[in-house]
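Colleague: Pasting in a structure now, in structure tokens, and then I'll have a few things to ask.
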Amino acid sequence: MIPFFRRIRKTLADDNKPIKYFRYAIGEIVLVVIGILIALQINNWNEQQKEHLKETKMLLEIKSNLETNIINLESDIKKQIRGAWCIDYITDHMDNKRDYNDSLPRYFSEGEIAPDVVITSFAFETLKSSGLEIKNDSLRKKLTNLYEVVYPTLMQETKRIEDQLWPAVVTPLVQKYFRFDYDHDVYIPTDYNAWLNDQEFLNMWTFRGVMRKSSTKIKKETKKETEDVLLMINNELTKRNR
40 MIPFFRRIRK TLADDNKPIK YFRYAIGEIV LVVIGILIAL QINNWNEQQK EHLKETKMLL
100 EIKSNLETNI INLESDIKKQ IRGAWCIDYI TDHMDNKRDY NDSLPRYFSE GEIAPDVVIT
160 SFAFETLKSS GLEIKNDSLR KKLTNLYEVV YPTLMQETKR IEDQLWPAVV TPLVQKYFRF
220 DYDHDVYIPT DYNAWLNDQE FLNMWTFRGV MRKSSTKIKK ETKKETEDVL LMINNELTKR
280 NR
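Residue 40 is where the sequence shown starts when you use this note's numbering, and the numbers rise one by one after that.
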């Protein structure tokens, strides 16, 4: 830049054409400024493209996590619906003091098991730690609510039921009347008549049925919330591919 003005100054002195070269100098300066602005704009565009690609990659990873969560929830819901039916069967059996049959151990074992909640959140945690923000406000709010409100509520409710009800109430009564048959993976009653007439066991078992149906309802709602967010991500990715 300095040699440029030196040349202008020399020409002005030699040719005595100050106005002509003053305009020329101003034009050169304007061109330089425009060039800098264009370079900055290109650099900003490149940075935006990099952020856009990072965001797209992160959305694809979150999408994969949500698809896994839906599969896990569907599996849990299926098991819990079957478990609730088995609980109702055993409850009816005890209420009506029915005779022992060979299906009881299997039905009791299926009703007794409550599947663990497995939620995948690695991609979302990576998104948070990276400082990268999803530009779509509606999607960002729904995704944050899913991972920071909906999923924790599901986990908390499940943990509360299992931690409070299972060791304090369920385990002692199960151990009182049943032994576990490892060969067939079922519980076998050790004193059928005593168990059949135990009102405390019936009350506990009925309550477990209520809790199982309540848990299934929460998981269905969570699955719906997950599907809604997944649909929003799919729509966002479709727009980006146009």
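Where is the CB? At the ideal position from N, CA and C, for every residue including glycine.
Helix, strand or coil: how does DSSP classify Asp131 here?
Modeller: On the sequence shown, position 92 is the one that residue 131 refers to. Residue state, collapsed to three classes: helix.
Colleague: Using DSSP with H/G/I as helix, E/B as strand and the rest coil, what is Tyr221?
Modeller: Within the sequence shown, residue 221 is the residue found at index 182, counting from 1. Coil at Tyr221, not helix or strand.
Colleague: Flag this pair as touching only if the stretch 203 to 212 and the stretch 131 to 141 have three or more C-beta atom pairs under 8 Å; answer yes or no.
Modeller: no
Colleague: Three-state secondary structure (DSSP) at Pro206?
Modeller: Taking the first residue of the sequence shown as position 1, residue 206 is located at position 167. In the structure shown, Pro206 adopts helical secondary structure according to DSSP, grouped into three states.
Colleague: Let me know the secondary structure DSSP gives Ile101 once reduced to three states.
Modeller: Within the sequence shown, numbered from 1, the residue matching residue 101 stands at position 62. Residue state, collapsed to three classes: helix.
Colleague: Is the Cβ-Cβ distance between Ser148 and Tyr226 less than 7 Å?
Modeller: The sequence position of residue 148 within the sequence shown is 109, counting from 1. The sequence position of residue 226 within the sequence shown is 187, counting from 1. Taking a C-beta distance under 7 Å as the contact criterion, Ser148 and Tyr226 qualify as a contact pair.
Colleague: Checking the sheet assignment: what are the DSSP bridge partners for Pro144?
Modeller: Walking along the sequence shown from the start, residue 144 turns up at place 105. DSSP, once it has assigned bridges, lists no residue as partnering Pro144.
Colleague: Quick check on Ile227: does DSSP put it in helix, strand or coil?
Modeller: As a position in the sequence shown, residue 227 is number 188, starting the count at 1. Residue state, collapsed to three classes: strand.
Colleague: So Val188 is in the alpha helix (DSSP H); what residue range does that whole segment cover?
Modeller: Against the sequence shown, residue 188 aligns to sequence position 149. Neither: Val188 is in no alpha helix (DSSP H) and is coded neither H nor E.
Colleague: Counting only the same chain and skipping the five closest in sequence on each side, list residues whose C-beta sits under 6 Å from that of Leu269.
Modeller: Translated into the one-based positions of the sequence shown, residue 269 becomes position 230. Taken in chain order, the residues that qualify are Leu105.
Colleague: Which stretch, first to last residue, makes up the alpha helix (DSSP H) that contains Ile257?
Modeller: Position 218 of the sequence shown, counted from the first residue, corresponds to residue 257. From DSSP, the alpha helix (DSSP H) with Ile257 extends over 238 to 279.
Colleague: Could you give the C-beta distance for Ile101 and Thr265, rounded to a whole number, given that I count them as a contact under 8 Å?
Modeller: Residue numbering aside, residue 101 sits at position 62 when the sequence shown is read from its first letter. Residue numbering aside, residue 265 sits at position 226 when the sequence shown is read from its first letter. About 11 Å separates the two Cβ atoms, so there is no contact after all.
Colleague: Would the stretch 240 to 255 and the stretch 109 to 121 be scored as touching if the rule is three or more Cβ pairs under 8 Å?
Modeller: yes
Colleague: With a Cβ-Cβ cutoff of 7 Å, do Leu193 and Ile257 count as a contact?
Modeller: Taking the first residue of the sequence shown as 1, we reach residue 193 at position 154. Taking the first residue of the sequence shown as 1, we reach residue 257 at position 218. Result yes, Cβ atoms of Leu193 and Ile257 sit closer than 7 Å.
Colleague: Might you give, ordered along the chain, the residues of its own chain that have their beta carbon closer than 7 Å to the beta carbon of Lys93, omitting 5 neighbours on each side?
Modeller: Within the sequence shown, the letter at position 54 stands for residue 93. Excluding positions up to five away in sequence, the list reads Leu171.
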